[in-house]
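Engineer: Below is one structure. I have some questions about it.
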Amino acid sequence: CQRNIELMWLTGRLAPDFKTIADFRRDNSTGIRNVCRRFVVLCRDLKLFSQALVAIDGSKFKAVNTRDRNFTAGKVDKRQQQIEESIQRYLSALETADRTQPAEIELKTTRLREKIAQLRQQMHSLDQIKEELKTLPDGQISMTDPDARSMATSGKGSGMVGYNVQMAVDAKHHLIVAHEVTNIGNDRAQLNSMARAARDAMGKTRLKAIADRGYFSAQEIKACADTGIAAILPKPTTSSAKAGGRFDRADFIYIARDDEYQCPVGERAIYR
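Numbering (the UniProt record's numbering), first residue to last: 1 to 272.
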C-alpha cells in the first residue's frame, strides 16, 4: 500500500499498518477462507484448470516471536547455567564489597543484591517454562506467539521462529488452488495432504503433483498413489560419493539376466 502503485489506486492511498491487517485477518479468517474457496470454484467454472498438474512448495514466514522468546529444554538448561554463573560472580563481588566496608561501597552492594534477586526471579520463570515444556509434544514453547515454532532456513545458522505456509499452484495459469499454514518446520509430511486438497479444489479424479526433494517421504508418496495422485519428486542425495562429485551405487545399472552391472560409461562390470 505504500510502494505498489496499483494498490495505492485500489485503496485510495490508504496505508493500514501491520496491526490493522493482522487484526482484520484474525477477525475475518472464516470469511477470507471462503473467499479463497469461491475464487477456486470460479476458476474451475471458467475451465482454467484444464491440466490435472500442480506444483507444491512451502515458504517460511517469520512470526512476531523472536528467537529469544522461543524455548526448548536445551535452551532453558543453557540459559539457567549462564544465570547461575552470573549469580556466582555477583555473590563473589558482594562478599568482596562486604569486607571493604567504606560508605561508597554500600551503594554498590545494594545494586549487586538487586541484580542477584532479578537473576533468581529469572531462574524461577525458567523453571516454570521447563515444567510446561514437559507437557508439549514437540518440546517447544513460544512466549509471544504460542503457535509459532523455531524452524531451520536455508542459510547456515539462520533459523527463525515462524510458520511454514504450504501452497499448491496449477501448472497452466500459476493460480494458487490450495494453501495451508502449518508450524511444522519441514515439508516431509505435507505432500499427500496438499495434493489431495488441490485435487479436490480442482474437481479432478486423478492428479499429478510435482514437488522438490524436501517432500520426499515413502509413506507420503504411497498415500498419494493410494488416492490416485502421481507424485513426481527427486530423491534426496544421501551418498557421500555423490556429494563429492563421484559415482555412487545408483549410477550402476544391474542386469539380472547376466548378473552384471553396467557402469555410467556403458561398460560391463563382470563378477569375478
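Ideal Cβ placement from N, Cα and C applies to all residues, glycine included.
It should be emphasised that the depicted structure is a prediction, and the values quoted were computed from it without experimental measurement.
Kindly indicate which residue of P264, A52, I232 and M160 has the alpha-carbon position closest to the one of A63.
Structural biologist: Residue numbering aside, residue 63 sits at position 63 when the sequence shown is read from its first letter. The shortest C-alpha separation from A63 is found at M160.
Engineer: Could you give the DSSP three-state label for Y271: helix, strand or coil?
Structural biologist: On the sequence shown, position 271 is the one that residue 271 refers to. Coil.
Engineer: In the DSSP assignment, what are the bridge partners of N164?
Structural biologist: Here the question's residue 164 lines up with position 164 in the sequence shown. N164 is bridged to K60 and T182.
Engineer: Look at the alpha carbon of K208 and the alpha carbon of F71, and state the distance between them as a whole number of angstroms.
Structural biologist: Along the sequence shown, read from residue 1 onward, the residue named residue 208 stands at position 208. Along the sequence shown, read from residue 1 onward, the residue named residue 71 stands at position 71. Cα-Cα distance, rounded: 40 Å.
Engineer: Quick check on F49: buried or exposed, where buried means 16 or more other Cβ atoms within 10 Å of its Cβ?
Structural biologist: Locating residue 49 in the sequence shown gives position 49, counting from the first residue. Per the 10 Å Cβ criterion, buried.
Engineer: Would you report the Cα separation of I255 and R246, rounded to the nearest angstrom?
Structural biologist: Reading the sequence shown from its first residue, position 255 is the one you call residue 255. Reading the sequence shown from its first residue, position 246 is the one you call residue 246. Cα to Cα, the separation comes out at about 22 Å.
Engineer: So, does the segment 50-59 touch the segment 136-147, judging by three or more C-beta pairs under 8 Å?
Structural biologist: Flag = no, the segment 50-59 and the segment 136-147 do not touch.
Engineer: Using CA coordinates, which residue listed in A15, M143, I21 and V40 is at the minimum distance from D200?
Structural biologist: Taking the first residue of the sequence shown as position 1, residue 200 is located at position 200. Out of A15, M143, I21 and V40, V40 has the C-alpha closest to the C-alpha of D200.
Engineer: In the DSSP output, what is R149 paired with across the bridge?
Structural biologist: For the purposes of this step, residue 149 is taken as the residue at position 149 of the sequence shown. In DSSP, R149 forms a bridge with G162.
Engineer: Run through the segment 6-64 for me and flag every whole beta strand (DSSP E) of 3 or more residues, listed as ranges in chain order.
Structural biologist: Qualifying beta strand (DSSP E) stretches, in chain order: 53-62.
Engineer: Express the C-alpha separation of L119 and N183 in angstroms, rounding to a whole number.
Structural biologist: As a first step, residue 183 must be located in the sequence shown, where it is residue number 183. As a first step, residue 119 must be located in the sequence shown, where it is residue number 119. Approximately 32 Å, taken between the alpha carbons.
Engineer: Could you tell me how far apart the beta carbons of residue 273 and Q190 are, in whole angstroms, since I believe they sit closer than 8 Å?
Structural biologist: Within the shown structure, residues of the chain are numbered from 1 to 272, placing residue 273 beyond reach of any answer.
Engineer: Going by the DSSP bridge assignment, what does Y254 pair with across the sheet?
Structural biologist: Walking along the sequence shown from the start, residue 254 turns up at place 254. The partner list for Y254 (beta bridge, DSSP) reads Y261.
Engineer: Buried or exposed: which applies to I5, given that a residue is buried once 16 or more other Cβ atoms fall within 10 Å of its Cβ?
Structural biologist: Within the sequence shown, the letter at position 5 stands for residue 5. Under this definition I5 is an exposed residue.
Engineer: Which residues does DSSP pair with F71 in a beta bridge?
Structural biologist: Locating residue 71 in the sequence shown gives position 71, where the first residue counts as 1. Paired residues: I141.
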